[in-house]
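Chains as they are written, first to last, in the working numbering: chain A, 1 to 413; chain B, 1 to 432.
Quick reminder that beta carbons are idealized off the backbone N, C-alpha and C, glycines included.
One structure is given below, encoded as structure tokens.
The following block contains the structure:
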């Protein structure tokens with residue numbers, strides 16, 4: 001009888017530094033039922049088939065519920081309406097076709113290749129500035145010094161969010177990102193906190209969007225707000241707010257992990273660090289292998305709307321389904337020596353950006369940011385070494401990455 | 001052959017022949033290998049001919065197929081096989097030479113059905129099958145003929161109509177059926193495509209039969225319709241489908257006709273007595289075989305994917321011992337790009353008695369539909385909605401109940417309609 005507690009062990013923070021042995025055990029049953037009735041999908045083949053299964057819904061987020069205030073007008077009329085509105089206008093990551101496709105279409109039209117490519121020089125300048133600030137120190141705290149501030153600055157600029165407000169939504173973003181973590185989303189206090197945070201950041205975005213409508217600039221929010229005609233915008237305010245929040249949160253809560261996990265991996269494989277330093281052209285291969293080996297997002301959850309037969313298991317209708325992408329990335333049936341970090345690996349079809357219709361919208365941007373950050377770090381950090389291995393991890397099991405990464409250095413080049 | 005063994009011979013130097021020959025090498029065959037082709041060209045790819053080549057986006061010569069493996073083959077190009085002597089294990093070529101074989105792969109494909117009625121010899125009448133066809137038609141279109149008439153609204157006719165509209169030409173498309181692609185997809189789906197075509201400015205004339213062409217000074221000028229009407233035209237594209245190249249097999253004692261060359265499930269050709277000839281295999285457009293994935297019915301599949309898969313499969317069987325012959329199961333599929341739409345089908349729609357749109361809507365022209373027969377799912381069709389197609393193709397291959405997938409995110413309730421099939425094809429159709 002397969003172990004039905006494996007996924008609970010994955011969620012347990014004490015396994016955060018190395019969940020991979022648990023993933024290997026999960027893969028023994030490609031689609032394995034857990035004690036709570038959910039199904040964990042962990043092989044590359046089963047994941048490949050399910051990401052294109054029309055019965056898997058992303059609308060599995062528990063409904064938003066505002067806490068009682070004692071004010072009957074709020075408790076009986078206003079808040080139930082707000083709950084309904086918010087539930088009907090979730091960000092596209094929690095939406096299904098056909099609405100998902102329409103919203104995603106708007107975003108894709110703004111998240112253009114040209115816009116992403118144009119950010120190249122800006123990213124390079126930011127990385128250099130952030131590294132310059134570490135001069136005179138004998139250690140770098142990678143998350144605080146670079147992995148976090150870089151993507152925040154980049155996504156703020158692309159979206160058109162004033163960077164001065166960064167401190168304010170840093171806290172919001174961290175709390176909202178927990179919506180992807182099963183323990184926070186199914187816990188009443190966690191739900192309330194997500195809802196309250198969502199309300200706060202919504203109010204902020206509402207003001208910002210109004211401002212963009214009045215004074216459009218060359219940024220994604222202005223573009224989204226200006227779509228359609230003035231009287232009848234293509235995207236309603238509530239969808240626009242939800243989308244803006246999603247892009248803001250996803251724009252840095254994930255890239256921070258990609259950069260930090262990437263540097264951690266290079267420091268654990270010094271020969272690869274040297275190769276990348278000697279040959280920056282290797283960067284795309286190195287980044288793809290990092291996305292496979294230590295992806296920024298380990299899993300996403302879905303709901304089965306119909307019964308699904310996959311890999312010898314029937315997932316009953318109504319079940320919660322965990323797509324454990326990070327386990328598929330280490331599937332020996334798909335990748336030779338999956339636990340080896342090997343940028344020269346051929347045919348690297350990983351799930352580092354998920355897959356199917358929810359495939360990461362920001363993938364091209366994330367690749368550019370990680371590429372420039374890692375190549376520059378390799379070039380400029382003199383004699384880098386890990387101060388603590390494993391490093392302390394953030395709480396998330398899905399958005400998994402170090403809380404900080406202490407790197408001892410002999411100087412900045 | 002300098003006393004060497006005659007080796008393996010592939011007749012047909014298009015996609016199936018090339019991939020088959022490669023598979024023989026990849027399968028470890030190291031002896032003599034000869035590839036015979038009636039066209040003078042090295043193997044080239046046909047799907048772009050009716051799309052990018054007509055549009056002028058790609059020169060016809062750029063369709064040459066890449067060789068995926070080192071073939072070390074002797075090429076006999078521009079040299080059609082004219083007869084097969086199974087007793088002596090010999091092919092006779094058009095130049096009178098004979099070519100012995102130990103084993104033979106027949107991949108001679110099909111050719112465009114020519115205009116069968118009066119006026120066939122007028123200038124300005126084209127077909128689309130070969131590289132020369134596409135090159136000639138492209139040159140003629142580049143001269144911007146005033147009125148283009150396309151006869152036959154199958155895949156090739158529809159793609160040609162799309163290209164001509166993209167070029168800004170005036171296009172009339174005639175077909176005896178009620179809608180385009182009526183025999184392939186039924187009139188319910190065909191009606192959706194018809195609306196798209198008309199929006200694109202095609203003068204679509206369904207239920208219309210051309211009987212003959214006439215012209216001035218040897219050039220085509222008029223099409224004469226059943227019922228007496230005429231259509232004025234400056235250029236005609238005949239898109240009436242294909243016939244198989246089996247004439248050269250007439251005396252070979254095989255089951256061959258313009259509809260195909262009959263094989264067993266392992267792709268070995270059947271003799272007139274119903275036994276497989278262990279030395280001769282067939283693959284691609286020409287092969288008619290009992291496909292386990294279409295209920296064991298004899299089918300020919302004239303699509304690109306089958307040419308590749310079947311040739312590779314037949315090659316593997318050619319190298320295997322008699323006891324190791326593996327049946328060839330293939331889920332037929334095709335894609336077509338036309339009128340800004342990407343159309344893909346998995347499975348065969350023949351005999352469908354039910355149709356259900358399971359994602360999107362026909363009105364939006366972005367949808368996925370499934371065809372059912374007697375309660376089973378037999379085909380899945382995508383109009384710009386290909387992301388779900390693999391899931392449905394799997395259901396088709398598994399013979400799942402109809403409709404096969406319940407509980408899709410965007411379709412809580414599935415409604416069934418009739419696919420709409422035109423009446424039986426009348427064989428006298430084109431006699432003037």
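Continuous beta strand (DSSP E) stretch holding residue 335 of chain B: start and end: 333-338
Can you list, in chain order, the residues of its chain with a C-beta nearer than 8 Å to that of residue 133 of chain A? Leave out the 5 residues immediately preceding and following it. 145
Is the CB of residue 388 of chain B under 7 Å away from at least one CB in chain A? yes
Of all the residues that make up the region 33-52 of chain A, which are near chain B by a beta-carbon distance shorter than 7 Å? 52
In or out: residue 289 of chain B buried (at least 16 other Cβ within 10 Å) or exposed? buried
Mind checking if residue 391 of chain B is an interface residue toward chain A, Cβ cutoff 7 Å exclusive? yes
Contact set between the region 407-423 of chain B and chain A, restricted to residues whose Cβ is under 7 Å from the partner: Under the 7 Å Cβ criterion, the region 407-423 of chain B contributes 407, 408, 409 and 410.
Taking 6 Å as the cut-off, is the C-beta of residue 141 of chain B nearer than that to any heavy atom in the ligand FMN? The ligand FMN is not among the ligands present in this structure, which contains no ligands whatsoever.
Unbroken stretches of the beta strand (DSSP E), 3 residues or longer, contained in the region 301-356 of chain A: 308-310, 313-315 and 320-323
Would you mind listing the beta strand (DSSP E) stretches within the region 170-222 of chain B that are 3+ residues and don't spill past its ends, in chain order? 170-174, 203-205 and 210-216
Is there contact between the region 336-352 of chain B and the region 305-318 of chain B, where contact requires at least three CB pairs shorter than 8 Å? no
Can you grab the Cα-Cα spacing for the pair residue 319 of chain A / residue 361 of chain A, in whole Å? Residue 319 of chain A and residue 361 of chain A: Cα-Cα distance of roughly 27 Å.
According to the neighbour-count rule (16 or more other Cβ atoms, all chains shown, within 10 Å of its Cβ), is residue 411 of chain A buried or exposed? Exposed, since its Cβ has fewer than 16 Cβ neighbours within 10 Å.
Return the CA-CA distance between residue 402 of chain A and residue 407 of chain B, expressed in angstroms with no decimal places. The alpha-carbon atoms of residue 402 of chain A and residue 407 of chain B are separated by roughly 39 Å.
Indicate the three-state DSSP secondary structure (helix, strand or coil) for residue 391 of chain B in the structure shown. The answer is helix: DSSP assigns residue 391 of chain B an H, G or I state.
With a threshold of 8 Å on Cβ separation, who are the neighbours of residue 198 of chain B within its own chain once the five nearest residues in sequence on each side are excluded? 204
Should residue 310 of chain B be labelled buried (16 or more other beta-carbon atoms within 10 Å of its own) or exposed? buried
Counting only runs that start and end within the region 234-260 of chain B, where is the beta strand (DSSP E) found for 3 or more residues in a row? Listed in chain order, the complete beta strand (DSSP E) runs (minimum 3 residues) inside the region 234-260 of chain B are 235-238 and 242-244.
Taking the alpha-carbon of residue 261 of chain B as reference, which of B:292, B:93 and B:109 has the nearest alpha-carbon? B:109
Near residue 430 of chain B, what residues of its chain come up, given a Cβ to Cβ distance below 6 Å and the 5 sequence neighbours on each side ignored? Since pLDDT at residue 430 of chain B reaches only 42, below the 50 mark, its modelled position is unreliable, and the value read off the structure follows with that caveat. 116 and 117, listed in sequence order.
Which partner residues of residue 354 of chain B appear in the DSSP bridge assignment? B:372
Residue 96 of chain A touches chain B at which residues, Cβ-Cβ below 8 Å? 409 and 410
Please list, in chain order, all residues of the same chain as residue 159 of chain B whose beta carbon is under 7 Å from its beta carbon, the five residues on each side excluded. Cβ neighbours of residue 159 of chain B within its own chain (closer than 7 Å, five residues either side excluded): 50, 51, 336 and 338.
According to a CB-to-CB cut-off of less than 8 Å, which residues of the region 304-335 of chain A neighbour chain B? 304, 305, 306, 307 and 317
Quick check: is the beta carbon of residue 55 of chain A nearer than 7 Å to any beta carbon in chain B? yes
Secondary structure of residue 291 of chain B, DSSP reduced to three states: coil
Residue 276 of chain B - DSSP class collapsed to helix/strand/coil: strand
Leaving out five residues on either side along the sequence, give the residues of the same chain with a beta carbon under 7 Å from the beta carbon of residue 9 of chain B. 34, 36, 91, 99, 101 and 104
What number of angstroms, rounded off, separates the C-alpha of residue 335 of chain A from the C-alpha of residue 278 of chain B? Those two C-alpha atoms are separated by around 40 Å.
Residue 294 of chain A (DSSP reduced to helix, strand or coil): coil
Limits of the alpha helix (DSSP H) - the one that residue 156 of chain B falls within: Residues 155-166.
Taking 7 Å as the limit between beta carbons, can you name the residues of its chain near residue 251 of chain A, skipping five residues before and five after? Result list for residue 251 of chain A: 151, 155 and 362, in chain order.
Have a look at residue 304 of chain B and residue 329 of chain B and give me their C-alpha separation to the nearest angstrom. 15 Å
Mind listing the chain A neighbours of residue 405 of chain B? Cutoff is C-beta to C-beta under 9 Å, in chain order. 53, 54, 55, 306 and 308
Under the rule that 16 or more other beta-carbon atoms within 10 Å means buried, what is residue 69 of chain A, buried or exposed? exposed
Under 9 Å Cβ-Cβ, which residues of chain A neighbour residue 330 of chain B? Those within 9 Å of residue 330 of chain B in chain A number zero; the least Cβ separation is about 20 Å.
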